[in-house]
């Protein structure tokens, strides 16, 4: 019994009490052919607390050897350039430096070339197809409670074929393209999600002749097999960035389980160069 | 406790060497002997005390003799000659600081060697204790049951042989060139048989390294398995420092190291995946083995290739005396064992096991619907294992064995997605369905030849062919336009030969040396086609393969400078062609018996290397879902190197009472850790199975662990009580200058296992308790938001700055078991009822965090509830 008591005491001592460090969070996207952007500077916050913007810091952005100082804007957590500056050109190297109290945060990157013309072809089957919307293999976490729900229904798999021109050949490291299909009404199902492809992150071969292509798939559920495809709006988003952005974009899809890969030294978040293009299409 | 690095290890050896030299130098001190007509033994004792030497003699030589001597000087031989003046005896130096008395003529020695067998089965008894009460020398039998005292005075010698579970044998043997054959009669476990021994070397002869578990299988059979039946690896869980990675599944974790750092040997051949049913039960049936040795942490130079532990299991040869048959059925599987003599010089053992749930629910189910459509659903799953061994003894000096071992699982499913307990609702032809066809197999053939070349030379040669194969095939169709077909396979093959030789050079030195060469082949392939929608597909088709040779040689000396002290020094050298890499692995252990039964202290320091790594793809559900891959060291990935130090204390203060306590510290580098610890399988298409791709998901890292283990066993004729407690810490870090140590996923600071078993008689039973710290988990400590540059809403992320910064609630479980033995229908019967988790405590085994607007909710996954189990066993 004495052993049990000693072990109990030791066990209690072993329990870990996590603590919050209040880390700096930065978000900066430097885009080609635009002036230095505003950036977000906050800290991690306890659950339920409002986003604590940082208002006291020394924030500088060096672009192509020129320093751009930042000051807090009216909006909480937003910082803007202190003085108007010229637009940023593709291929420019930049470095961000933030000093807030004892915290020092750094990140750098290169501004990618703008995305050229983008075309999107959408194809939809003539009829809705039967699909498993809720499968009994998606067992609850407590696997011994045999709640075995299942439900089949109907959906339209919508295929969007996106084409764009590759980046021009240059000495810049490889670029990556994140492609996203964002329908107005999102559909998600544990099993079907594995067979949808609303997003992709692709390496772009530079200097390639002819357009690059990516095909994505999303689903629109309907009540019956003979129900027509509901008209809806689709937003197609293309984001070009460096390997840092690719690592971030490939890891930001499960916020409850994991944090995205950060390129910020001394903090968290993302500070990188991006080229963004967005198309809106109405599917009928 | 500091953990020694490479330089510290060298310093440790240098210190040990200095210590030995220093002790040797102490013999050259001044001696003053002044005795007059005293009993000769008393005079010899004075010389022993002053010169710090040991004088070995038979009582009959000195009985009744007296000594008169006056000597001053620094020569031990001269002092002994003075004391022995007129006795007709001479002293001969047999080892450093050790002298043997004999009659005053040229000393002639003869060997005394033999084999120890189980009288009931005729099988060799490894680990039996053979003692010469005069002059008090003992040793443990080898894996072949062999012993040899190399240099004894010709003539008769009293010999005592003991082994737990067997009656003590006292006999008189004559020195001769050929071997003797001694048989021990089995009896109920009564440790008094062992502890009555009075030889000072009793403990020191048996387990020469700390952490070694060397117990007969009959004792392991008394330890309950979590889910019933006979399970060798489950029985080992009752030892301190050993656990499973999950509640009732997963590999063995030995002293905080990963399961891939354990080497499982069956008759000298490695087994790569010793588990059935998704690691629910092991492939090792306790009853089909005759002996196991488990080295936790420190292992002799003859073993290598893993960092953490070695389980050396020997299949039963089969009875040489009379046939025996056993049949058993539990809720998991049915099994049988048959063993019998074939001729007077040969025997065999055949054992098999198969699960039968597929027989109960059926493997195939023809179904149809009112439209006349037909289909065949499949619900096949079973596991099986076969082990067979034939032993031949062409002459009294030779033994040849051929072993075969096959263990596998087979899963064959074709089912709709709307499964439920209402079988009639889904037993129909389905368009949306999934098929899974998976199989895993371990197969080995091992040939072993042992021969007694001379009374002091024993040779063993082993050859084996081991194959591990895993196939994972799937077809999944969740909608009319989407499906996936995949076929993934892993192959691993080891073909090796080894030779080991034992030379019993003198009473003080036992030498062992050996060499082995093994060719390892690694192959895998995947072919998958994912159809997301018409015209949108992903296709994966890859093949990988590599070969590597591993050559090892070792030498080891067991030195007993005096009866209470054993020093085991060994050196192992391994060359691995993958890099190539060459590694030296020194091993040193020491044991001192302050008292033959009450206090034995052991210490060991060793270096181990591991040339293969186990990895798995961390992205795709299509491959590496169940099986993992072994990857040889190469220019892309270095071997893992580990250092270990251990200290243990053993005591047998009373009848049947054993107390063991030990400390250990280990550190390893070159182990593979996930590059992104948060990456988990999350999709169908992954980066592929190329070795470089898999390795890119890992980084080279370090691990360290330390701990305290305590075990107390009280083994009485009618009952057994065992308490095992472990305190440990296990940490990892990625190998770069900035990374910090963090808790390993196998870190379990406190573990307590208590077993109380009533044995003997018709009724027997046990109650047991398992209690340990909860597993580590990563707890989010805050939250932050990032905006979407593409125009979407901000996303809130849970902030997890530190890996494994939290822990699940403690785990606690009580099990009970009740057995009834009886005879009937010409057989002996055993009915065993067991209740797993008696109080149905819903232990938390994993936890997820889900945030909402104001807080983060926990979602817990609970462990198994109360489960009744039943086993019926029959023996003819």
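Protein chains in written order, with our numbering: chain R, 13 to 296; chain H, 2 to 877.
Note that beta-carbon positions come from the ideal geometry of N, C-alpha and C, so glycine has one too.
C-beta neighbour in chain R for residue i, strict 8 Å
{"i": "residue 684 (chain H)", "result": "yes"}
{"i": "residue 840 (chain H)", "result": "no"}
{"i": "residue 850 (chain H)", "result": "yes"}
{"i": "residue 481 (chain H)", "result": "yes"}
{"i": "residue 837 (chain H)", "result": "no"}
{"i": "residue 1 (chain H)", "result": "Nothing in the structure corresponds to residue 1 (chain H), since chain H is present only between 2 and 877."}
{"i": "residue 1 (chain H)", "result": "The displayed coordinates of chain H run from 2 to 877. Any statement about residue 1 (chain H) would go beyond what the structure contains."}
{"i": "residue 537 (chain H)", "result": "yes"}
{"i": "residue 679 (chain H)", "result": "yes"}
{"i": "residue 644 (chain H)", "result": "no"}
{"i": "residue 872 (chain H)", "result": "no"}
{"i": "residue 696 (chain H)", "result": "no"}
{"i": "residue 715 (chain H)", "result": "no"}
Rounded straight-line distance, which links the Cα of residue j to that of residue i
{"i": "residue 276 (chain R)", "j": "residue 40 (chain R)", "result": "10 Å"}
{"i": "residue 285 (chain R)", "j": "residue 859 (chain H)", "result": "37 Å"}
{"i": "residue 387 (chain H)", "j": "residue 316 (chain H)", "result": "11 Å"}
{"i": "residue 744 (chain H)", "j": "residue 801 (chain H)", "result": "14 Å"}
{"i": "residue 656 (chain H)", "j": "residue 39 (chain H)", "result": "38 Å"}
{"i": "residue 445 (chain H)", "j": "residue 241 (chain R)", "result": "59 Å"}
{"i": "residue 29 (chain H)", "j": "residue 592 (chain H)", "result": "For residue 29 (chain H), the predicted structure reports a pLDDT of 48, less than 50, and the residue's modelled location is therefore unreliable. A value from the coordinates is still provided. Their backbone Cα atoms lie some 25 Å apart in a straight line."}
{"i": "residue 685 (chain H)", "j": "residue 587 (chain H)", "result": "46 Å"}
{"i": "residue 433 (chain H)", "j": "residue 527 (chain H)", "result": "24 Å"}
{"i": "residue 643 (chain H)", "j": "residue 585 (chain H)", "result": "12 Å"}
{"i": "residue 102 (chain H)", "j": "residue 502 (chain H)", "result": "31 Å"}
{"i": "residue 258 (chain H)", "j": "residue 309 (chain H)", "result": "6 Å"}
Those residues which DSSP pairs with residue i across a bridge
{"i": "residue 193 (chain R)", "result": "R:248"}
{"i": "residue 288 (chain H)", "result": "DSSP output for residue 288 (chain H) lists no bridge partner at all."}
{"i": "residue 1 (chain H)", "result": "There is no way to answer for residue 1 (chain H), as the model of chain H reaches only from 2 to 877."}
{"i": "residue 808 (chain H)", "result": "H:777"}
{"i": "residue 280 (chain H)", "result": "Its beta-bridge partners do not exist; DSSP assigns none."}
{"i": "residue 528 (chain H)", "result": "H:488 and H:542"}
{"i": "residue 169 (chain R)", "result": "R:231"}
{"i": "residue 662 (chain H)", "result": "H:650 and H:711"}
{"i": "residue 620 (chain H)", "result": "In DSSP, residue 620 (chain H) forms no bridge with anything."}
{"i": "residue 330 (chain H)", "result": "H:335 and H:873"}
C-beta neighbour in chain H for residue i, strict 8 Å
{"i": "residue 209 (chain R)", "result": "yes"}
{"i": "residue 162 (chain R)", "result": "yes"}
{"i": "residue 122 (chain R)", "result": "no"}
{"i": "residue 109 (chain R)", "result": "no"}
{"i": "residue 215 (chain R)", "result": "no"}
{"i": "residue 167 (chain R)", "result": "yes"}
{"i": "residue 127 (chain R)", "result": "no"}
{"i": "residue 112 (chain R)", "result": "no"}
{"i": "residue 271 (chain R)", "result": "yes"}
{"i": "residue 79 (chain R)", "result": "no"}
{"i": "residue 227 (chain R)", "result": "yes"}
Rounded distance between the beta-carbons of residue j and residue i, thought under 8 Å
{"i": "residue 577 (chain H)", "j": "residue 612 (chain H)", "result": "4 Å"}
{"i": "residue 531 (chain H)", "j": "residue 624 (chain H)", "result": "Wrong, their Cβ atoms sit about 12 Å apart, outside the cutoff."}
{"i": "residue 62 (chain H)", "j": "residue 111 (chain H)", "result": "Not really, about 17 Å apart at Cβ, beyond 8 Å."}
{"i": "residue 341 (chain H)", "j": "residue 349 (chain H)", "result": "6 Å"}
{"i": "residue 650 (chain H)", "j": "residue 602 (chain H)", "result": "6 Å"}
{"i": "residue 775 (chain H)", "j": "residue 811 (chain H)", "result": "5 Å"}
Exercise for the section: Could you list the residues in the stretch 796-813 of chain H with a C-beta less than 7 Å from some C-beta on chain R, going in chain order? Expected result: Taking 7 Å as the Cβ-Cβ cut-off against chain R, the residues of the stretch 796-813 of chain H that qualify are 796, 797, 798, 799, 800, 801, 802, 806, 807, 808 and 811.
Practice task
Determine which residues of the stretch 776-792 of chain H have a Cβ less than 7 Å from any Cβ of chain R, and write them out in chain order.
Solution key: Of all residues in the stretch 776-792 of chain H, only 780, 782, 783, 784, 785, 786, 787, 788, 790, 791 and 792 place a beta-carbon less than 7 Å from a beta-carbon of chain R.
Exercise for the section: Could you please tell me which residues of the stretch 280-294 of chain R, in chain order, have their CB closer than 8 Å to any CB of chain H? Expected result: 280, 281, 282, 286, 288 and 290
Practice task
Scan the stretch 853-865 of chain H for residues whose Cβ lies nearer than 8 Å to a Cβ of chain R and list them as they occur along the chain.
Solution key: 854, 855, 856, 857, 860, 861, 862, 863 and 865
Exercise for the section: Please name the residues in the stretch 411-428 of chain H whose beta-carbon is closer than 8 Å to at least one beta-carbon of chain R, in chain order. Expected result: 418, 419, 420, 421 and 422
Problem - Selection of the stretch 53-65 of chain R by Cβ proximity to chain H, strictly under 7 Å - result: Listed by position, the residues of the stretch 53-65 of chain R near chain H (Cβ gap below 7 Å) are 54, 56, 57, 58, 59, 60 and 63.
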